[in-house]
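Number of protein chains: 2
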Amino acid sequence: MLIGDLGEFGVIERIARLLPAATADVVVGIGDDVAVLDTKGPRYLLATCDIQVENVHFLRQATSPYQLGRKVIAINVSDIAAMGGRPRWALVSLALPPDTAVDFVDKLYRGMTDQAQTAGLVIVGGNLSKIDHPMVIDLCLLGECDKERFLRRNGAQVGDAVLVTGTLGDSRAGLHLLLNPHLQVTDAARETVLAAHLTPQPRLEEGQLLADSGLVHAMLDVSDGALGDLRHICEASGVGATLALADLPISPACREVARASGVPAEDWALTGGEDYQLLFTAARHDVARIQGILAERTGTAAQVIGQILPASAGITAVSPDGMVGSHSGAGGWDHFREGGKP
Amino acid sequence: MLIGDLGEFGVIERIARLLPAATADVVVGIGDDVAVLDTKGPRYLLATCDIQVENVHFLRQATSPYQLGRKVIAINVSDIAAMGGRPRWALVSLALPPDTAVDFVDKLYRGMTDQAQTAGLVIVGGNLSKIDHPMVIDLCLLGECDKERFLRRNGAQVGDAVLVTGTLGDSRAGLHLLLNPHLQVTDAARETVLAAHLTPQPRLEEGQLLADSGLVHAMLDVSDGALGDLRHICEASGVGATLALADLPISPACREVARASGVPAEDWALTGGEDYQLLFTAARHDVARIQGILAERTGTAAQVIGQILPASAGITAVSPDGMVGSHSGAGGWDHFREGGKP
Numbered sequence: 002m003l004i005g006d007l008g009e010f011g012v013i014e015r016i017a018r019l020l021p022a023a024t025a026d027v028v029v030g031i032g033d034d035v036a037v038l039d040t041k042g043p044r045y046l047l048a049t050c051d052i053q054v055e056n057v058h059f060l061r062q063a064t065s066p067y068q069l070g071r072k073v074i075a076i077n078v079s080d081i082a083a084m085g086g087r088p089r090w091a092l093v094s095l096a097l098p099p100d101t102a103v104d105f106v107d108k109l110y111r112g113m114t115d116q117a118q119t120a121g122l123v124i125v126g127g128n129l130s131k132i133d134h135p136m137v138i139d140l141c142l143l144g145e146c147d148k149e150r151f152l153r154r155n156g157a158q159v160g161d162a163v164l165v166t167g168t169l170g171d172s173r174a175g176l177h178l179l180l181n182p183h184l185q186v187t188d189a190a191r192e193t194v195l196a197a198h199l200t201p202q203p204r205l206e207e208g209q210l211l212a213d214s215g216l217v218h219a220m221l222d223v224s225d226g227a228l229g230d231l232r233h234i235c236e237a238s239g240v241g242a243t244l245a246l247a248d249l250p251i252s253p254a255c256r257e258v259a260r261a262s263g264v265p266a267e268d269w270a271l272t273g274g275e276d277y278q279l280l281f282t283a284a285r286h287d288v289a290r291i292q293g294i295l296a297e298r299t300g301t302a303a304q305v306i307g308q309i310l311p312a313s314a315g316i317t318a319v320s321p322d323g324m325v326g327s328h329s330g331a332g333g334w335d336h337f338r339e340g341g342k343p
Numbered sequence: 002m003l004i005g006d007l008g009e010f011g012v013i014e015r016i017a018r019l020l021p022a023a024t025a026d027v028v029v030g031i032g033d034d035v036a037v038l039d040t041k042g043p044r045y046l047l048a049t050c051d052i053q054v055e056n057v058h059f060l061r062q063a064t065s066p067y068q069l070g071r072k073v074i075a076i077n078v079s080d081i082a083a084m085g086g087r088p089r090w091a092l093v094s095l096a097l098p099p100d101t102a103v104d105f106v107d108k109l110y111r112g113m114t115d116q117a118q119t120a121g122l123v124i125v126g127g128n129l130s131k132i133d134h135p136m137v138i139d140l141c142l143l144g145e146c147d148k149e150r151f152l153r154r155n156g157a158q159v160g161d162a163v164l165v166t167g168t169l170g171d172s173r174a175g176l177h178l179l180l181n182p183h184l185q186v187t188d189a190a191r192e193t194v195l196a197a198h199l200t201p202q203p204r205l206e207e208g209q210l211l212a213d214s215g216l217v218h219a220m221l222d223v224s225d226g227a228l229g230d231l232r233h234i235c236e237a238s239g240v241g242a243t244l245a246l247a248d249l250p251i252s253p254a255c256r257e258v259a260r261a262s263g264v265p266a267e268d269w270a271l272t273g274g275e276d277y278q279l280l281f282t283a284a285r286h287d288v289a290r291i292q293g294i295l296a297e298r299t300g301t302a303a304q305v306i307g308q309i310l311p312a313s314a315g316i317t318a319v320s321p322d323g324m325v326g327s328h329s330g331a332g333g334w335d336h337f338r339e340g341g342k343p
């Protein structure tokens, strides 16, 4: 059997089963996006890494090295944000072709250090290797969280509301524009969705506020797509969920690009990925209070997009005309797929 | 200018200059093999990473996945050992071609977990990506050290003895055998040098004993070759050094493979690299005590191979016939180079 047959999550599940039981100092081990470790200090240590491969995660002709540097930091900060933690220190491993311009490395690091400064973290080390092709960038990010107040994916409760910060689908719309640069859209829409894709901004302050509120039951950042990440929450929590397509927060820019592309914007919002918004669940009666905290302290909107149901309900979405689609596994969505069944 | 022109250490120096000044919680930042971080816990946090690229650092046809897994852990443990620290937690980033057999991943992880158990650490997370080719494995290893008793490369003092544990050159001899499998040597020699290359064993207990002794001034693990790593110590400490070639600890197995290959064994011992022995300096009057501690507690020999001199002396080596060679920069050695000057 080849790993291509098992898929990313299949391989990770298999690896998790191979590992010996974690020791007592491992509060959260393999399987979550971030490991939570007990150094016997006042806070828990957080550790996460993300490997970015040229032509898989980024295209050198479509992103500037400065943007790439910012994004590499931002996507790891987003994982720490989703636990309500604070990012502190980063290690950068680079495998670079020998014909990479020194100027490229300079700009990559300028992007990384600018984004690092925004997030309050410092780059403290790394490693460098040559590679023929493609370029590989692996970032390991360390952070800290309060021992009592950090959030995981596994706490969703039946009856919870499902909320998401900001808007969904912009990053996917930006990718679509990069791949179809001659699409006719307004400059404003182009700028919005390209920025969402090339320089996403993690919801760091929002994540800390949500963890500190003590009102949130489960949280993840939207990296695989809202639907796929909701599935992660449901599987870890042993619950099901339903989403209302009409309630998905979609920006006018995303709608414009989707319309010009002949694609339903809801498709990008559900499965596009790389939104780096926070997806979380909380009791219905706490929703207004949570929305108030976020709006007042950060100006960020959080919208209810669905609710948590018993596991037997699976994961479904209801369209405005009452049609029900169901999750097809592996991030797919039957209702929106070509040839899929309603 | 291309990074191939600057070289690994040139690029790292350039990156270090680009980074903003480290914050107070960064005890040791970029430039050393291991970052030392203050989490306000009872011990300092150590963080290091090492990216291994297929066909640059390993050949899939020459190493088993189990051996590769062991080595990936071992070489990072060696960096923690050289500070006198304890390895604790590892994150593994893998970029794998889709046609990688699941069995390969199983055996890679079995090697990693076996070596991790030996070193007292656990794998707590990671990240997985596809790549067309080559395979890339990046390990981030976290550890801990006593706040008062950790060793760096920058403490060597004029008059110090330079010591090394174990023997030098075996790993390079093993690589030579992998590249020249039909070389006529005894099975015992083949086994010894191949094991040194494919499954190196870091000097973890020795490193902790040396740090705890309070007698060692500067320490590094021998990854780039004894000469290159001595240069790292000298540059960081602002000193020079001289080595006695006759005193280099070289195993009979390494000598046998070198003889069969028509190469001076001292060449491999000086510049071969990947020995993962500990290279350290201490006052002459403490040498016997240090050797006694290591021999009694671990059975490991530590041999004096040279001494620390003022920076003006540069880095030289004296051969048994009194010839003096000098360090040529970038790990090279004029005396042994083809066409080099004595």
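As given, the protein sequences belong to chains Z and U, one line each in that order.
Heads up: the first sequence is residues 2 to 343, going by the numbering used here.
Heads up: the second sequence is residues 2 to 343, going by the numbering used here.
Ideal Cβ placement from N, Cα and C applies to all residues, glycine included.
- DSSP, read as helix, strand or coil, puts residue 243(Z) in strand.
- Only those residues of the stretch 78 to 91 of chain U whose C-beta falls short of 8 angstroms from the nearest C-beta of chain Z are listed: 89, 90.
- When the beta-carbon positions are compared, residue 271(U) and residue 226(U) come within less than 8 angstroms of each other.
- Annotated three-state conformation of residue 72(U) is helix, per DSSP.
- Residues of chain U whose Cβ lies closer than 7 angstroms to the Cβ of residue 141(Z) are, in chain order, 50, 92, 141.
- Apart from sequence neighbours up to five positions away, the residues of its chain that approach residue 40(U) with a beta-carbon distance below 6 angstroms are 46, ordered along the chain.
- If you draw a 10 Å sphere on the C-beta of residue 100(U), you find fewer than 16 other C-beta atoms in it, and that means exposed.
- Boundaries of the beta strand (DSSP E) around residue 130(Z): 123 to 131.
- For residue 207(U), the enclosing alpha helix (DSSP H) has its first and last residue at 205 to 214.
- Spanning the alpha carbons of residue 34(Z) and residue 143(Z) requires a straight line of approximately 12 angstroms.
- Secondary structure in the stretch 226 to 283 of chain U: the beta strand (DSSP E) runs of 3 residues or longer, each lying completely within the stretch, are 240 to 245, 279 to 283 in chain order.
- Contacts with chain U at 8 angstroms (Cβ-Cβ) do not include residue 182(Z).
- Note: residue 17(U) is not bridge-paired with any residue in the DSSP secondary-structure output.
- In the DSSP assignment, the residues bridged to residue 59(Z) are 55(Z).
- Taking C-beta separations shorter than 6 angstroms and ignoring five residues to either side along the sequence, the partners of residue 116(U) in its chain run 71, 74, 75, following chain order.
- Between the alpha carbons of residue 190(U) and residue 174(U) lies a gap of roughly 10 angstroms.
- Beta-bridge analysis with DSSP links residue 162(U) to 283(U), 308(U).
- The beta-carbon distance between residue 277(Z) and residue 230(Z), rounded to whole angstroms, is 11 angstroms. This is too long to meet the 8 angstroms contact definition.
- For the 8 angstroms CB-CB criterion, residue 163(Z) and residue 315(Z) do not form a contact.
- Buried is the label assigned to residue 126(Z), since at least 16 other Cβ atoms lie within 10 Å of its Cβ.
- The residue from 208(U), 166(U), 140(U), 89(U) with its alpha-carbon nearest to that of residue 118(U) is 89(U).
- Looking at 65(Z), 311(Z), 145(Z), the one whose alpha-carbon comes closest to that of residue 107(Z) is 65(Z).
- Below 8 angstroms, enough C-beta pairs join the stretch 193 to 210 of chain U and the stretch 284 to 303 of chain U to call them touching: three or more.
- Beta-bridge partners assigned by DSSP to residue 45(U): 146(U).
- One alpha carbon belongs to residue 234(U), the other to residue 156(U), and they sit about 8 angstroms apart.
- DSSP places residue 88(U) within a strand segment (E or B) once states are collapsed to three.
- When 7 angstroms is used as the limit between beta carbons, residue 128(Z) is near these residues of chain U: 50, 51, 52, in chain order.
- Taking 8 angstroms as the cut-off, the beta carbon of residue 243(Z) is found closer than this to the beta carbon of residue 310(Z).
- About 11 angstroms separates the CB atoms of residue 167(U) and residue 255(U); that is not less than 8 angstroms, and the two are not in contact.
- Under the 8 angstroms criterion on CB atoms, residue 275(Z) is classed as non-interfacial with respect to chain U.
- Against chain Z, the CB of residue 226(U) has no partner CB under 8 angstroms away; the residue lies outside that interface.
- Counting along the chain, the unbroken beta strand (DSSP E) around residue 327(Z) starts and ends at 325 to 327.
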